[in-house]
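Residue numbers (this note's numbering): 1 to 699. For every residue, glycine included, the Cβ atom is placed at its ideal position computed from N, Cα and C. Quick caveat, the model's predicted, so the values are computed rather than measured. Please read the structure below before turning to the comments.
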Amino acid sequence: MRSFYLSCLCVLLSVLSVSAQELKSPDGNFVLDFKLNNGVPVYTLQYKGKTVVNESKLGFELKGLGSLSKDFTIKGTSTKSADETWQTVWGQQKEIRDYHNELCVQLTQSGTGRTLDIRFRLFNDGLGFRYEFPIQPDLRHFTIVNEMTEFNLAKDYKAFWLPGDYDTNEFETVTSKISEISSLIAKAREPMAANSPTPNLAVQTPLMLKSDDGLYVNIHEAALVNYPAMCLNVDDQHFVLSAHLTPDKLGNRGYIQTGSTSPWRTIVVSDDARQILASTLILNLNEPCAIADPSWIKPVKYVGVWWEYFTGGGSTWQYTDYQDITIGKTDYKTLKPNGHHGANTAHVKEMIDFAAKNGFDAVLVEGWNEGWEDNTANVKEHVYSFTKAYPDFDVAELHNYASQKGVKIIMHHETTSAVTSYERQLDDAFQFMADNGYNSVKTGYVGPIQPHSEYHDGQYMVNHYLHVAQTAAKYKIMVDSHEAVRPTGLCRTWPNWLAQESARGTEFESFGGNRPDHTCVLPFTRLMGGPMDYTPGIFEGNLSVYGKSTAKLSTTLVKQLALYVTMYSPLQMAADLPENYNKFADAFQFIKDVAVDWDQSYVLEAEPGDYITIARKAKGKEEWYIGGITDENAREAVIKFDFLPAGKKYTATVYADDKDISWKVNPQKYTIKKIVVTNKTVLKQKLAPSGGVAISVKA
Numbered sequence: 001m002r003s004f005y006l007s008c009l010c011v012l013l014s015v016l017s018v019s020a021q022e023l024k025s026p027d028g029n030f031v032l033d034f035k036l037n038n039g040v041p042v043y044t045l046q047y048k049g050k051t052v053v054n055e056s057k058l059g060f061e062l063k064g065l066g067s068l069s070k071d072f073t074i075k076g077t078s079t080k081s082a083d084e085t086w087q088t089v090w091g092q093q094k095e096i097r098d099y100h101n102e103l104c105v106q107l108t109q110s111g112t113g114r115t116l117d118i119r120f121r122l123f124n125d126g127l128g129f130r131y132e133f134p135i136q137p138d139l140r141h142f143t144i145v146n147e148m149t150e151f152n153l154a155k156d157y158k159a160f161w162l163p164g165d166y167d168t169n170e171f172e173t174v175t176s177k178i179s180e181i182s183s184l185i186a187k188a189r190e191p192m193a194a195n196s197p198t199p200n201l202a203v204q205t206p207l208m209l210k211s212d213d214g215l216y217v218n219i220h221e222a223a224l225v226n227y228p229a230m231c232l233n234v235d236d237q238h239f240v241l242s243a244h245l246t247p248d249k250l251g252n253r254g255y256i257q258t259g260s261t262s263p264w265r266t267i268v269v270s271d272d273a274r275q276i277l278a279s280t281l282i283l284n285l286n287e288p289c290a291i292a293d294p295s296w297i298k299p300v301k302y303v304g305v306w307w308e309y310f311t312g313g314g315s316t317w318q319y320t321d322y323q324d325i326t327i328g329k330t331d332y333k334t335l336k337p338n339g340h341h342g343a344n345t346a347h348v349k350e351m352i353d354f355a356a357k358n359g360f361d362a363v364l365v366e367g368w369n370e371g372w373e374d375n376t377a378n379v380k381e382h383v384y385s386f387t388k389a390y391p392d393f394d395v396a397e398l399h400n401y402a403s404q405k406g407v408k409i410i411m412h413h414e415t416t417s418a419v420t421s422y423e424r425q426l427d428d429a430f431q432f433m434a435d436n437g438y439n440s441v442k443t444g445y446v447g448p449i450q451p452h453s454e455y456h457d458g459q460y461m462v463n464h465y466l467h468v469a470q471t472a473a474k475y476k477i478m479v480d481s482h483e484a485v486r487p488t489g490l491c492r493t494w495p496n497w498l499a500q501e502s503a504r505g506t507e508f509e510s511f512g513g514n515r516p517d518h519t520c521v522l523p524f525t526r527l528m529g530g531p532m533d534y535t536p537g538i539f540e541g542n543l544s545v546y547g548k549s550t551a552k553l554s555t556t557l558v559k560q561l562a563l564y565v566t567m568y569s570p571l572q573m574a575a576d577l578p579e580n581y582n583k584f585a586d587a588f589q590f591i592k593d594v595a596v597d598w599d600q601s602y603v604l605e606a607e608p609g610d611y612i613t614i615a616r617k618a619k620g621k622e623e624w625y626i627g628g629i630t631d632e633n634a635r636e637a638v639i640k641f642d643f644l645p646a647g648k649k650y651t652a653t654v655y656a657d658d659k660d661i662s663w664k665v666n667p668q669k670y671t672i673k674k675i676v677v678t679n680k681t682v683l684k685q686k687l688a689p690s691g692g693v694a695i696s697v698k699a
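Following this line, the structure appears as structure tokens:
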């Protein structure tokens, strides 16, 4: 009998040890616990002894197949560790360390025999986990009704959030307690070119959170491939967030085949806001570069025929005012020009001259191609030609002219979300680019999606955006996508996907405005997944000087300079008109100098929504650039130069807000001074309300 009891005890201990799994981060600060609660998979996460995520459920509900979230037993577990350093093609640092511990739990469902694996990776900056759907005898294809993943915070965090929407992420960020979201969300849902709000209370990712006891938490996803983008359902009474996958208009959330995986769900945590911005977790969870020789991929600093369309000065994308256009049939040579078409040969030559004179790599030209006159979204499929230019845009002449000046022209493919038409033209469009010397393209997806059954953030469109980047790589073309799904680190795998908009950019300064704290939030939210084409550099912020518009910029001129450092991107535009840069030539020098690719980055100061100060070392050069910004409140930035090599002196050129100004009062006034700095220097610099400081440091 005693032997029998001992045997039972051994079996019980064995079951308990298999059912409860613990994983620690390499530095020991994070502890993940996984277990089955009566067959339901759950996890918890702690950071430095504090609970970040309380017991939270995992799993799925499947269409016609029931639950894949209960009645599980653990078939097996495996652990491993990794510590390797990889080279970036471009980035905020030249090298990134991938240092993590991993736990994979293999689950089998009682009754159905279905299997599901959950893989956890704990880094020193947080947790990533994903679902893996093994090939199995009785399950090949299935449709997701709901992903059950929870993030049970159990605290009323301060949140920096956008309202849940399947078609747009261009809202202004709202800052509030989780408990206040329901009372604020209706006002936050401003009209956009395409709006498809979630039917319940939900917010978008990346979601930035801060607890009352100083813990910073960021929730997002990594490696979004063949799967819908995730919003987060909000239980504002119990402070539980849960996955809300973007459906198609049939209500299905994802069409999955076994042998595939979900994206990684990511939780970045620190008690220091600077470490949130410094996190490399999302990049580390993406696959290595898929392009065998990426040497043709180069960061780009550019100007363009773009901002003039937003100033109210009269310049337009369309060539004519005649709107009864049929692509492939309408002969534009028979139509009367409207006289204010921006993308004409003479004007583009002027922009090429300006780029060449000031050392810019490229010129973006919007409105070069047929179709802009009748481009209402969702009412016709064939909106544009991507191989036929307007009569006043001479492709061959401009190709030769730009080549002689050492400047590239950036192609523009606005689709007005006529996606099927764009895909049919894609290879022809990219071959046209290759034949005419274009090596980069800005794509656009304004308005509701065609086909009508899809949303911008659904599985169909997620696959489309990646297909465009992959096809572009075959032609050695770099991509900048606008109005696309928010990024999830895929730029590591496809580094020709240089940047995205996927948020409220500078254009909103001309129609509706951005709040002074906007760019103090974006690095903690939208930029967590990848770089943004924010298009900074507007010096003339009072648009009434052009005529019709009454809009005013929400920053000082110097803050516009600082954004080139704080808003990381390998694709940076000097977005203003050349005459405004000529007017402020000494300040323009910073934009001309600042790098777009980096050896190392140092987050010096940071608090989401309030202020950010970052220093970066230019790749392959003994040059550093510093940007500091603040919200609507004036502040003093404390800038330590301890990132500089010891024992050497450098000249720092400091671009600063003038005294007694703000974004509302004399925002164009600034000072420029040169000082000698070493790695022991500490500079205390005053920033005006919604102001900034920009510093170049050279030997």
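**Study point:** For Asp33: DSSP bridge partner residues
**Key:** Here residue 33 refers to the residue found at position 33 of the sequence shown. Note: Asp33 sits in a beta bridge opposite Glu22 and Thr44.
Practice item. From the DSSP output, read off the bridge partner residues of Ala606. Key: Taking the first residue of the sequence shown as position 1, residue 606 is located at position 606. According to DSSP, which records beta bridges pairwise, Ala606 is partnered with Ile612.
Review point. Does the beta-carbon distance from Asp83 to Asn284 come in below 9 Å?
Key: Counting from one through the sequence shown, the residue named residue 83 turns up at place 83. Counting from one through the sequence shown, the residue named residue 284 turns up at place 284. No; because the gap between Cβ atoms is not below 9 Å, this pair is not in contact.
Practice item. May I have the straight-line CA-CA distance separating Asn200 from Gln450, to the nearest angstrom? Key: Numbered from its first residue, the sequence shown carries residue 200 at position 200. Numbered from its first residue, the sequence shown carries residue 450 at position 450. Taking the straight line joining both Cα atoms gives about 25 Å.
Check your understanding: Is it the case that the CB of Leu553 approaches a heavy atom of the ligand SAH more closely than 8 Å?
Key -> Ligands displayed in this structure: none; no statement on the ligand SAH is therefore possible.
Review point. What residue range is occupied by the uninterrupted alpha helix (DSSP H) comprising Arg424?
Key: By 1-based counting over the sequence shown, the position of residue 424 is 424. Unbroken alpha helix (DSSP H) run through Arg424: Val419 to Asp435.
**Study point:** Counted within 10 angstroms of its Cβ, other Cβ atoms place Asn37 as buried (16 or more) or exposed
**Key:** On the sequence shown, position 37 is the one that residue 37 refers to. That one is exposed.
Check your understanding: Would you say the stretch 301 to 315 touches the stretch 356 to 372, given that touching needs at least three Cβ pairs under 8 Å?
Key -> yes
Check your understanding: Can you give the Cα-Cα distance for Val40 and Thr258, rounded to whole angstroms?
Key -> Taking the sequence shown and counting its residues from 1, the one referred to as residue 40 is at position 40. Taking the sequence shown and counting its residues from 1, the one referred to as residue 258 is at position 258. Rounded to the nearest angstrom, the two C-alpha atoms are 21 Å apart.
Practice item. Just tell me which of Gly437, Tyr438 and Asp457 has its CA closest to the CA of Tyr445. Key: Numbered from 1 along the sequence shown, position 445 holds the residue referred to as residue 445. The shortest Cα separation from Tyr445 among Gly437, Tyr438 and Asp457 belongs to Asp457.
Review point. Which of helix, strand or coil does DSSP assign to Ser17?
Key: The residue you call residue 17 lines up with position 17 of the sequence shown. Unreliable positioning characterises Ser17 in this predicted model, as indicated by a pLDDT of 38, which lies under 50. The coordinate reading is nonetheless provided below. In the structure shown, Ser17 sits in a helix (DSSP, three-state: H, G or I).
Review point. What is the DSSP secondary structure of Pro570, reduced to helix, strand or coil?
Key: Indexing the sequence shown from 1 puts residue 570 at position 570. Pro570 falls in the coil class under three-state DSSP.
**Study point:** Nearest neighbour of Gly214, chosen from Thr671, Val665 and Glu607 [CA to CA]
**Key:** Your numbering for residue 214 matches position 214 in the sequence shown. It is Glu607 whose Cα lies nearest to the Cα of Gly214.
Check your understanding: So who's on the other strand from Cys104, going by DSSP bridges?
Key -> The residue given as residue 104 occupies position 104 in the sequence shown. DSSP, once it has assigned bridges, lists Ser78 and Arg119 as partnering Cys104.
Practice item. Specify, as a first and last residue, the run of the alpha helix (DSSP H) that Asn542 falls within. Key: Position 542 of the sequence shown, counted from the first residue, corresponds to residue 542. Asn542 -> no alpha helix (DSSP H), and no H or E assigned at all.
Exercise for review: Provide the residue span of the beta strand (DSSP E) that contains Phe133, from first to last.
Suggested key: Along the sequence shown, read from residue 1 onward, the residue named residue 133 stands at position 133. Phe133 -> beta strand (DSSP E) spans Gly126 to Phe133.
Review point. Roughly how many angstroms separate the alpha carbons of Ser3 and Ala20, rounded to a whole number?
Key: Translated into positions along the sequence shown, residue 3 becomes position 3. Translated into positions along the sequence shown, residue 20 becomes position 20. Caution is warranted here: a pLDDT of 37 is assigned to Ser3, below 50, making its placement in the model unreliable, and no coordinate value can be reported.
Practice item. Identify, in the order they occur along the chain, each residue of the same chain with its Cβ nearer than 6 Å to the Cβ of Val677, setting aside the five sequence neighbours on each side. Key: Locating residue 677 in the sequence shown gives position 677, counting from the first residue. Excluding residues within five positions, the ones whose Cβ falls inside 6 Å are Phe641, Tyr650 and Ala652.
Point to revise | Three-state secondary structure assigned by DSSP to Met351 | key: Counting from one through the sequence shown, the residue named residue 351 turns up at place 351. Note: Met351 maps to helix in three-state DSSP.
Point to revise | Whole-angstrom C-beta distance between Thr345 and Phe393, which should lie under 8 Å | key: Residue numbering aside, residue 393 sits at position 393 when the sequence shown is read from its first letter. Residue numbering aside, residue 345 sits at position 345 when the sequence shown is read from its first letter. That belief holds up - the Cβ atoms of Phe393 and Thr345 are roughly 6 Å apart, short of 8 Å.
**Study point:** Cβ pair count under 8 Å reaching 3, the stretch 161 to 172 against the stretch 219 to 226
**Key:** no
Point to revise | Val462 to Arg486 span [Cα, whole Å] | key: Here residue 462 corresponds to residue number 462 of the sequence shown, with the count starting at 1. Here residue 486 corresponds to residue number 486 of the sequence shown, with the count starting at 1. Spanning the two alpha carbons is a distance of roughly 10 Å.
Practice item. Could you tell me whether the Cβ atoms of His220 and Met528 are closer together than 9 Å? Key: Position 220 of the sequence shown, counted from the start, is the residue given in the question as residue 220. Position 528 of the sequence shown, counted from the start, is the residue given in the question as residue 528. Going by C-beta atoms, His220 is nearer than 9 Å to Met528.
Check your understanding: Taking the C-alpha atoms as reference points, what is the distance between Ala292 and Asn496?
Key -> Translated into positions along the sequence shown, residue 292 becomes position 292. Translated into positions along the sequence shown, residue 496 becomes position 496. Between Ala292 and Asn496, the C-alpha separation is close to 12 Å.
Check your understanding: Who does Gln269 pair with in a DSSP beta bridge?
Key -> The count along the sequence shown starts at 1 and reaches residue 269 at position 269. As written in the sequence, residue 269 is Val, which differs from the Gln given in the question. For Val269, which the question treats as bridged, DSSP gives the partners Val217.
Practice item. Quick one: grab the DSSP three-state call for Trp90. Key: One-based indexing of the sequence shown puts residue 90 at position 90. DSSP places Trp90 in coil when its eight states are reduced to three.
Point to revise | Contact set for Glu622: own chain, Cβ-Cβ below 7 Å, skip 5 residues either direction | key: Taking the first residue of the sequence shown as position 1, residue 622 is located at position 622. Excluding positions up to five away in sequence, the list reads Ala699.
Check your understanding: With 16 other CB atoms within 10 Å as the buried threshold, where does Val81 fall?
Key -> Walking along the sequence shown from the start, residue 81 turns up at place 81. Residue identity differs from the one stated: residue 81 is Ser in this sequence, not Val. With fewer than 16 other Cβ atoms within 10 Å, it is exposed.
Check your understanding: Would you call the stretch 666 to 674 and the stretch 593 to 603 in contact, with 3 or more CB pairs under 8 Å?
Key -> no
Point to revise | Which listed residue (Ser549, Gly541 and Arg265) has its alpha carbon closest to that of Tyr581 | key: In the sequence shown, residue 581 corresponds to position 581, counting from 1. Closest option to Tyr581, Cα to Cα, is Gly541.
Point to revise | As assigned by DSSP and simplified to three states, the class of Ser696 | key: For the purposes of this step, residue 696 is taken as the residue at position 696 of the sequence shown. Strand.
Exercise for review: Buried or exposed for His244, please, with buried defined as at least 16 other CB atoms from any protein chain shown within 10 angstroms of its CB.
Suggested key: The residue given as residue 244 occupies position 244 in the sequence shown. So His244 counts as buried.
Review point. Which one of Gln425, Pro523, Ala484 and Lys552 has the shortest CA to CA distance from Glu507?
Key: Stepping through the sequence shown from its first residue, residue 507 is reached at position 507. If we check each option's Cα against that of Glu507, Lys552 comes out closest.
Point to revise | Buried or exposed (CB count within 10 angstroms, at least 16 for buried), Val383 | key: Position 383 of the sequence shown, counting from 1, holds the residue named residue 383. Buried, by the Cβ-count rule.
Exercise for review: State yes or no: is the C-beta of Trp264 within less than 9 Å of the C-beta of Gln204?
Suggested key: One-based indexing of the sequence shown puts residue 264 at position 264. One-based indexing of the sequence shown puts residue 204 at position 204. Their beta carbons are not under 9 Å apart, which means Trp264 does not touch Gln204 by this criterion.
Review point. In three-state terms, what does DSSP make of Arg635?
Key: Residue 635 sits at position 635 when you count from the first residue of the sequence shown. Note: Arg635 maps to strand in three-state DSSP.
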